[in-house]
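Same order as they appear, the protein sequences are chains D and X.
By numbering that gives the first Met the number 0, the letter at position 81 of the first sequence is numbered 80, and the numbering carries on one by one without gaps.
By numbering that gives the first Met the number 0, the letter at position 126 of the second sequence is numbered 125, and the numbering carries on one by one without gaps.
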Amino acid sequence: MVDRTPSKEPMSGGDVPLRVVLAKLGLDGHDRGIKVVARILRDAGMEVIYLGLRQTTDSIVTAVMEEDADAIGLSMHNAGHMTLAPNMVKALRQAELPVPIIVGGIVPKDDVQPMLDAGVAAVIGPGASAEEVAAIVRDAVSASV
Amino acid sequence: MGRQLQPVQEMYREAKGGDRRALGRLLTRIERGGPPADEIGELAHVDAGSAHVIGITGAPGSGKSTLTGRLVELLRDNDVRPAVLAVDPSSPLTGGAILGDRIRMEGTPSTEPSGTRSTNDVFIRSMATRGHSGGLAVAVPQAVRLFDAVGYDPIIIETVGVGQVEVDVVGAADTAVVVMTPGMGDAVQANKAGLLEVADVFVVNKADRPGADDVRRDLDLMLDLSHVTGQEDGSGYRPPIVMCSAIDGDGTTDVWQAVADHLEILGKLGRRHIRRRHRIRAEIRATLNQALDSRIDDLIYSEVGERLVSDAQNASRSPSSAAAAVLDHLLGRR
Ligand SMILES: Nc1nc2c(ncn2[C@@H]2O[C@H](COP(=O)(O)OP(=O)(O)O)[C@@H](O)[C@H]2O)c(=O)[nH]1
Ligand SMILES: [Mg+2]
Numbered sequence: 000m001v002d003r004t005p006s007k008e009p010m011s012g013g014d015v016p017l018r019v020v021l022a023k024l025g026l027d028g029h030d031r032g033i034k035v036v037a038r039i040l041r042d043a044g045m046e047v048i049y050l051g052l053r054q055t056t057d058s059i060v061t062a063v064m065e066e067d068a069d070a071i072g073l074s075m076h077n078a079g080h081m082t083l084a085p086n087m088v089k090a091l092r093q094a095e096l097p098v099p100i101i102v103g104g105i106v107p108k109d110d111v112q113p114m115l116d117a118g119v120a121a122v123i124g125p126g127a128s129a130e131e132v133a134a135i136v137r138d139a140v141s142a143s144v
Numbered sequence: 000m001g002r003q004l005q006p007v008q009e010m011y012r013e014a015k016g017g018d019r020r021a022l023g024r025l026l027t028r029i030e031r032g033g034p035p036a037d038e039i040g041e042l043a044h045v046d047a048g049s050a051h052v053i054g055i056t057g058a059p060g061s062g063k064s065t066l067t068g069r070l071v072e073l074l075r076d077n078d079v080r081p082a083v084l085a086v087d088p089s090s091p092l093t094g095g096a097i098l099g100d101r102i103r104m105e106g107t108p109s110t111e112p113s114g115t116r117s118t119n120d121v122f123i124r125s126m127a128t129r130g131h132s133g134g135l136a137v138a139v140p141q142a143v144r145l146f147d148a149v150g151y152d153p154i155i156i157e158t159v160g161v162g163q164v165e166v167d168v169v170g171a172a173d174t175a176v177v178v179m180t181p182g183m184g185d186a187v188q189a190n191k192a193g194l195l196e197v198a199d200v201f202v203v204n205k206a207d208r209p210g211a212d213d214v215r216r217d218l219d220l221m222l223d224l225s226h227v228t229g230q231e232d233g234s235g236y237r238p239p240i241v242m243c244s245a246i247d248g249d250g251t252t253d254v255w256q257a258v259a260d261h262l263e264i265l266g267k268l269g270r271r272h273i274r275r276r277h278r279i280r281a282e283i284r285a286t287l288n289q290a291l292d293s294r295i296d297d298l299i300y301s302e303v304g305e306r307l308v309s310d311a312q313n314a315s316r317s318p319s320s321a322a323a324a325v326l327d328h329l330l331g332r333r
C-alpha cells in the first residue's frame, strides 16, 4: 500500500497552477494535435484555457488579458507560422502583456531560429514527449518572470 | 516587469477605468485567496451596486456555454455590459483542468486589443474549482462583487450542477437557470441533484432534438408534485419552462425574457434583498469555513496534533476525544 504522507491542500500562494491559453492561429482546421497538448498540460497540473481553432491575434490577446494567462501555446500546421507567430509577439507587446509564446505543430528546422529571434519563447517539435512539452512550458514561464 | 508586485489598489483603479488586463489580474488574486483577495474585497464592497446575478447550471454538455454565448450576444446588442464567470472542475488527480467554455461563447469575442473597454463589451473569465470546493464558495462571490464594482451588469455564472457547492453558488444568484436536455432522464437527475429546488427558470435546450417535449412534460409534472413552487414566499411563483435551441439561437430571446421577468417579479415581491441576504450569509459562512479549515490543518499537523493522533492510534484516547482537544486549542480554551 502506498503510504500517503500528510499533505495539506494548497490554500493560497505557493502551489498555484499555471494558466495556459491554447489556440490555433490561422485558418487550417486540424485540432487533433492541440487537443493532445491540452490533455498533456492538464495532466501536468496546468489550467488550460482552450480557445480552439481559427483564432486571431486579437482574440488571443483578449483571452490572455481576461484569463490572466501565464503562457500561450500556439499550434500551427500551415505555412503561415513565419508571419503569424511574429504578429502574435507584436500584438502582445503592444498590449504590454509579458507572456511567453510557445509554438507547436509542424515547424521546419530552418524556421526555428528565426522564430526564436522574432520573440517566440520556444518551439516544440513533433517528437516531444509529454514530459518535455510540460517542461518547456514551465521553463518558458519561469524564464519570463 | 514585476507584475506580481503591482499593488492591488492600483490595479483596482485601472480595472475601474476599464483596463481588462488589470481586472484579469485582480481575478487571479481573488482565486489565490489570502490577504490580497481580502483587500480587493474591501475595495469592491464599497463600489458594488446591484448587478443582476444570474446562475446557469446543468449537466456537462447540456449547452450552458452555448446558451451563455447567445445571451451575451443579445445583451451586447442592447448596450448592456455582461460579465461571465465560467466554472469548471479541476482534475482531482493532477489539479489541472481544461477550461473550454470560451470556445462556445465564440460568437461574441470581446475583442478590444487596446485593453480598454468599448461601450458594449463582455468580459469572460474561466475558473477551475482547484480541488477545494470551499475555496470556490468564497472566490465566486468575490469575483462577482468585483465585476459588479467595476461596472458589469448582469453577471452570469456558469457551473456544472453536480457538487453541492456548485448548486449552492447558483442557488444564491438572483436568478437561477437550470438547463436540461432531451434524453438521459435529465429531469430525474436534476431532481436528485437538488436543482429543482433552486431553479427560477428552466431551460429545455437542444429542443431541435427528439424528446424535448417529454422533458418539458416531466418537468411540469415534477413541479406539480413538488411543494417547492412559491413556497419560499407564498407568491405562487412557478418557474417557467422555456424551450430553446442555443446552437441556432432559437428561443434564446425567450430565455432572456424569462430571466428578466424573474428579476422583476423578485423586485415586485420585495424578495430581492432576501436573496442578497442569503448570498451574503452564505459567503460569510464559506469564508469562516475556509479560515477554520486552514487553522484545523495547521493544528492537526502541528506537534500537538501529531501527539493527539498518536494517542488515538495507540488507543490511549478516542478520536473524538482527540478532536475535542483540537477544538479546545482552536478556541483558545487551553
Ligand atoms: N443539437 C444541439 N446541440 C447543442 C445545442 N446547444 C449546444 N449544443 C452542443 O452541445 C455541446 C455542448 O455544449 P456546451 O455549451 O459546451 O455545453 P456545457 O458543457 O453545458 O457548457 C456542444 O457540442 C454544442 O454545440 C442545441 O441547442 N442543440
Ligand atoms: Mg460549459
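A virtual CB, placed ideally from N, CA and C, is assigned to each residue, including glycine.
Taking the C-beta atoms as reference points, Gly-51 of chain D is found no nearer than 9 Å to Ala-70 of chain D. In the structure shown, Ser-125 of chain X falls within a strand segment according to DSSP collapsed to helix, strand and coil. Taken through DSSP and simplified to helix, strand or coil, Tyr-11 of chain X comes out as helix. Counted as a single uninterrupted DSSP element, the stretch harbouring Ser-90 of chain X is not any beta strand (DSSP E), since DSSP gives it neither H nor E. Residues of the region 22-40 of chain X with a Cβ closer than 7 Å to any Cβ of chain D, in chain order: Gly-23, Arg-24, Leu-26, Thr-27, Arg-31, Gly-32 and Gly-33. Inclusion of Ala-133 of chain D and Ala-43 of chain D in the CB contact set at 9 Å is warranted, their separation being smaller than that value. With respect to chain X, the C-beta atom of Met-87 of chain D has no partner C-beta closer than 9 Å. Against Arg-20 of chain X, the close residues of chain D are Val-63, Met-64, Glu-65, Asp-67, Ala-94, Glu-95 and Leu-96, in the order they occur along the chain (beta-carbon pairs closer than 9 Å).
As DSSP reads the structure, Gly-118 of chain D sits in no beta bridge. A direct Cα-to-Cα measurement between Gly-235 of chain X and Ala-186 of chain X gives close to 21 Å. Among the residues facing chain D, Leu-98 of chain X is included, as its CB has a counterpart in that chain under 9 Å away.
Taking 9 Å as the cut-off, the Cβ atoms of Ser-125 of chain X and Arg-103 of chain X do not count as close.
Within the chosen limit of 8 Å, ligand 1 reaches the beta carbon of Pro-59 of chain X through at least one heavy atom. Just so you know, the alpha carbons of Val-139 of chain X and Val-177 of chain X end up roughly 18 Å apart. With a threshold of 16 other beta carbon atoms within 10 Å, Ala-323 of chain X falls short and is exposed. Within the region 153-207 of chain X, the runs of beta strand (DSSP E) that reach at least 3 residues and sit entirely inside it are, in chain order, 154-159, 174-179 and 200-203. For the C-beta of Ile-154 of chain X, not a single chain D residue is nearer than 9 Å; the gap to the nearest is close to 14 Å.
Linking Asp-147 of chain X to Asp-173 of chain X through their CA atoms gives a straight-line distance of about 13 Å.
Ala-142 of chain X is positioned such that its CB atom lies closer than 9 Å to that of Leu-26 of chain X.
For Met-45 of chain D, DSSP assigns no beta-bridge partner whatsoever. For Gly-104 of chain D, the three-state secondary structure derived from DSSP is strand. When secondary structure is reduced to three states using DSSP, Asp-249 of chain X falls in the strand class. Taking 9 Å as the cut-off, the beta carbon of Met-75 of chain D is found closer than this to the beta carbon of Ile-105 of chain D. For the 9 Å CB-CB criterion, Gln-5 of chain X and Glu-38 of chain X do not form a contact. Residue state for Arg-316 of chain X is assigned as coil, using DSSP reduced to three classes.
In terms of Cβ geometry, Gly-95 of chain X and Met-45 of chain D form a close pair [threshold 9 Å]. From the listed residues X:Ile-246, X:Tyr-300 and X:Ala-290, the smallest Cα separation to Lys-63 of chain X is found for X:Ile-246.
If you compare the alpha carbons of X:Leu-222, X:Arg-215 and X:Tyr-151 with that of Gly-17 of chain X, the shortest gap goes to X:Tyr-151. Gly-79 of chain D and Ile-59 of chain D have their C-alpha atoms some 17 Å from each other. Lys-205 of chain X counts as buried, since no fewer than 16 other beta carbons sit within 10 angstroms of its beta carbon. Checking the 8 Å criterion, the Cβ of Glu-65 of chain D is out of range of every heavy atom belonging to ligand 2.
Of the heavy atoms belonging to ligand 1, none sits nearer than 8 Å to the Cβ of Ser-125 of chain X.
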